[in-house]
């Protein structure tokens with residue numbers, strides 16, 4: 033389970049984990065937690081949540097409480113778990129009266145999850161990625177986080193954000209263009225190239 037870059041899991045493995053989780057098997061819940069705790073922590077932290085661990089715990093509680101109603105593929109599960117994450121992040125901001133922002137991540141909270149699109153970001157380093165995203169609008173940064181950390185397709189992100197795929201592609205292009213301009217200007221010296229999330233899926 034989890035990112036294609038991390039595991040290369042097969043459909044039978046995924047089906048078994050979900051099936052056993054629905055039956056309340058502890059090892060299946062542990063498998064889900066191990067596969068998703070790091071990318072979810074990175075996503076929550078990058079959205080600017082104050083108590084990251086608390087919100088991540090709420091996400092997994094939501095996952096485990098609702099797993100019985102989940103039906104679908106591993107790709108569907110990826111979208112489902114990030115929908116829960118987005119809702120919990122929104123709940124956190126509503127309760128605190130704050131607005132989402134992008135903040136630097138600690139070195140212990142690596143950005144994990146995503147495939148080749150994230151290789152350039154990985155070379156930049158976690159703190160520099162967060163610094164770059166700080167220059168984007170909230171929607172732009174969320175699109176990149178869902179595409180790279182969540183490893184979601186354009187269509188999946190569009191569904192989560194209740195927008196058309198074309199609008200997501202536009203946000204993505206604008207975000208990557210802004211990053212590119214900042215890199216080219218020398219504001220952030222790096223040898224890396226623009227993340228390939230711009231290609232879409």
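Residue numbers (my numbering): 33 to 233.
We put the beta carbon where it would ideally sit given N, CA and C, even for glycine.
Keep in mind it's a predicted model, so treat the numbers as computed, not measured.
| Quick one: what's got a C-beta closer than 6 Å to residue 177's C-beta in the same chain, skipping five residues either side? | Counting from 1 along the chain shown, the entry for residue 177 is found at position 145. 75 and 78.
| said: Quick check: the segment 210–217 against the segment 177–193, are at least 3 beta-carbon pairs closer than 8 Å? | reply: no
| Taking Cβ positions, are residue 111 and residue 45 nearer each other than 8 Å? | For this step, residue 111 is matched to residue 79 along the chain shown. For this step, residue 45 is matched to residue 13 along the chain shown. Not closer than 8 Å, so no.
| query | Counting along the chain, where does the alpha helix (DSSP H) carrying residue 169 start and finish? | reply | Reading the chain shown from its first residue, position 137 is the one you call residue 169. Neither: residue 169 is in no alpha helix (DSSP H) and is coded neither H nor E.
| Pick from 127, 126 and 52: whose alpha carbon is nearest that of residue 99? | Mapped onto the chain shown, residue 99 falls at position 67. Looking at the Cα atoms, 52 is the closest of the given residues.
| message | Any beta carbon of chain B sitting closer than 8 Å to that of residue 57? | response | In the structure shown, chain B does not exist; there is a single protein chain.
| field | residue 287 (DSSP reduced to helix, strand or coil) | value | An answer regarding residue 287 cannot be provided, because it is not within the stretch 33 to 233 covered by the chain.
| request: List the endpoints of the continuous alpha helix (DSSP H) containing residue 209. | output: If you number the chain shown from 1, residue 209 lands on position 177. Element bounds for residue 209: 197–216.
| query | Who are the near neighbours of residue 141 in its chain, counting only those whose CB is closer than 6 Å to its CB and skipping five residues on each side? | reply | Position 109 of the chain shown, counted from the start, is the residue given in the question as residue 141. For residue 141, the pLDDT reaches just 39, beneath the cut-off of 50, and the residue's location in the model is therefore unreliable, although a value from the coordinates is still provided. The residues are 73, 74 and 77.
| query | Can you tell me whether residue 138 is buried or exposed, with buried defined as 16 or more other CB within 10 angstroms of its CB? | reply | By one-based count along the chain shown, residue 138 stands at place 106. At residue 138, the pLDDT of 40 sits below 50, so the modelled position is not reliable and the matter cannot be decided from this model.
| said: Just to confirm, is the Cβ distance from residue 124 to residue 88 under 8 Å? | reply: Counting from one through the chain shown, the residue named residue 124 turns up at place 92. Counting from one through the chain shown, the residue named residue 88 turns up at place 56. Not closer than 8 Å, so no.
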